[in-house]
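Chains as they are written, first to last, in our numbering: chain L, 2 to 253; chain A, 6 to 84. All C-beta atoms in this analysis are idealised placements derived from N, C-alpha and C, irrespective of residue type, glycine included. Bear in mind that the values here come from a model prediction, so they are computed numbers and not experimental data.
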C-alpha cells in the first residue's frame with residue numbers, strides 16, 4: 002500500500018504545517034459557505050412554496066434542521082478528535098476537539114432557539130420536556146461542560162485531555178438525540194428526510210435544506226480553521242514559528 | 006420584485022415575528038462565533054510581541070559582564 006497518505010497526515014499534524022494549511026483552506030471554505038448559504042436562503046425563503054398546514058412559519062426549517070444536524074455532526078467530530086487525543090496524544094487532535102466545542106455549542110443554541118420560535122405557534126408552547134428537546138438541551142450542557150472543564154486548568158494540555166474525556170463519555174447522548182423521536186412518543190415530529198427510503202417532503206423544500214446543510218458544514222470547516230489557528234498560536238507562543246508570525250504581522 | 010410582493014415577503018404570511026428573529030439569531034450567533042477567535046488571535050499576538058519586546062529590552066539593558074547575571078536582569082544592579 003502506498004504510504005504517502007499516512008506520511009502526509011503525519012506532516013500535516015505538525016502545528017506550523019497545519020497552521021499554514023488551515024490558513025489556505027479557511028477563505029475558500031467561508032466563501033463557498035456564504036455563496037451556498039445565500040442560494041439556500043433564496044430557495045427556502047423565496048422560491049419554496051408555503052406549507053399547506055404551517056403557512057410560512059415552516060420556513061424556520063431551513064436553518065433549524067441544518068443547525069440540528071451540525072450540533073450532532075460537530076459532537077461526532079469532537080468525540081473522534083477527543084479519542085485520538087487521549088489514545089495517541091496528538092496535540093493537534095486536542096486543539097481540534099477543544100476548538101470544535103464552542104462552534105457546536107453555537108449550533109446547538111441556534112437549534113434550541115429557532116425550535117422554540119417555531120414551536121410557539123405550531124405546538125402552542127416555547128418549551129416542553131419532550132425527549133428530543135431535553136436530549137438536545139443535554140447536548141448544549143455537554144458542550145458547555147467541555148468548554149468549562151478545558152478552561153478550568155492552568156495547563157492547557159491537561160485541561161484539553163480532561164475535557165476530551167468528558168467529550169468522549171458524552172458521545173452516548175448523540176444517538177439518543179437522533180433516535181429520540183423514534184424511541185419515545187414525542188411532540189417533536191419525526192425525520193422527514195431519510196437516507197433509507199423515500200423522504201416525505203417536497204423536492205422544492207429539500208434542495209434548499211440540503212444546500213444549507215452543505216453551507217453549514219463548510220462554515221464549520223472555516224470556523225474550525227480560524228479557531229485552530231488562534232489556539233495553535235496561543236499553545237505554541239514560545240516557539241520560533243509563532244514568534245516569526247508575530248514579527249511579520251507587526252510589520253505588515 | 007415589486008413593492009407589494011416585497012411587503013408580503015417580509016410579512017411571512019403573518020409569521021414574521023417568529024421567522025425573522027429565528028434567522029436573526031442564526032446570523033448573529035454565527036457572526037460572534039466567527040469574530041471571537043479573530044479578536045483573540047490579535048490579543049495573543051499582541052501579548053507575544055510585548056513579551057518579546059520585554060525580553061529584547063532586558064538583553065540590551067544588561068550586556069554580559071562578570072558583575073551581572075547572564076544578561077537576564079538578575080545578579081548585581083549597578084546605578
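Note that the C-beta distance between residue 41 of chain L and residue 95 of chain L is not below 8 Å. In this structure, the CA atom of residue 227 of chain L is about 18 Å from the CA atom of residue 32 of chain A. Closer than 8 Å to the CB of residue 12 of chain A there is not a single CB belonging to chain L. DSSP places residue 184 of chain L inside the alpha helix (DSSP H), whose first and last residues are 174–184. Here residue 24 of chain A is not near residue 114 of chain L, since their CB atoms are 8 Å or more apart. The beta-bridge partner set that DSSP reports for residue 44 of chain L is empty. Inter-segment contact for the stretch 181–194 of chain L and the stretch 127–134 of chain L is present: three or more beta-carbon pairs are separated by less than 8 Å. In this structure, residue 191 of chain L sits away from residue 178 of chain L, with a CB-CB distance that is not shorter than 8 Å. Near chain A, meaning a CB-to-CB distance below 8 Å, the residues of the stretch 43–67 of chain L are 46, 47, 51, 56, 57, 58, 60, 61, 64 and 65. Shown here for residue 106 of chain L: same chain residues with a beta carbon closer than 8 Å to its own, the five before and five after excluded, namely 141, 144, 145 and 148 in chain order. Residue 52 of chain L has L:56 as its beta-bridge partners, per DSSP. Of the residues assessed, residue 44 of chain A falls on the exposed side of the cut-off, its CB having fewer than 16 other CB atoms within 10 angstroms.
Put simply, the backbone Cα of residue 58 of chain A is about 31 Å away from that of residue 224 of chain L. Residue 26 of chain A: member of the alpha helix (DSSP H) spanning 21–66, first to last residue.
Excluding residues up to 5 positions away in sequence, 219 lie with their Cβ nearer than 7 Å to the Cβ of residue 33 of chain L in the same chain. In the displayed model, residue 241 of chain L falls within a helix according to three-state DSSP. The beta-carbon distance between residue 108 of chain L and residue 75 of chain L, rounded to whole angstroms, is 6 Å. This is short enough to meet the 8 Å contact definition. Taking 8 Å as the CB threshold, residue 238 of chain L lines the interface with chain A. The C-alpha of residue 11 of chain L is placed about 28 Å away from the C-alpha of residue 53 of chain A.
Rounded to whole angstroms, the gap between the alpha carbons of residue 204 of chain L and residue 214 of chain L is 15 Å. Rounded to the nearest whole angstrom, the C-alpha separation of residue 53 of chain L and residue 15 of chain A is 19 Å. If you ignore the 5 residues before and after residue 30 of chain L, its C-beta comes within less than 8 Å of the C-beta of 219, 220, 222, 223 and 226, all in its own chain and listed in chain order. The three-state reading of DSSP puts residue 157 of chain L in helix, counting H, G and I together. Residue 20 of chain L sits buried, since 16 or more C-beta atoms from the chains shown fall within 10 Å of its C-beta.
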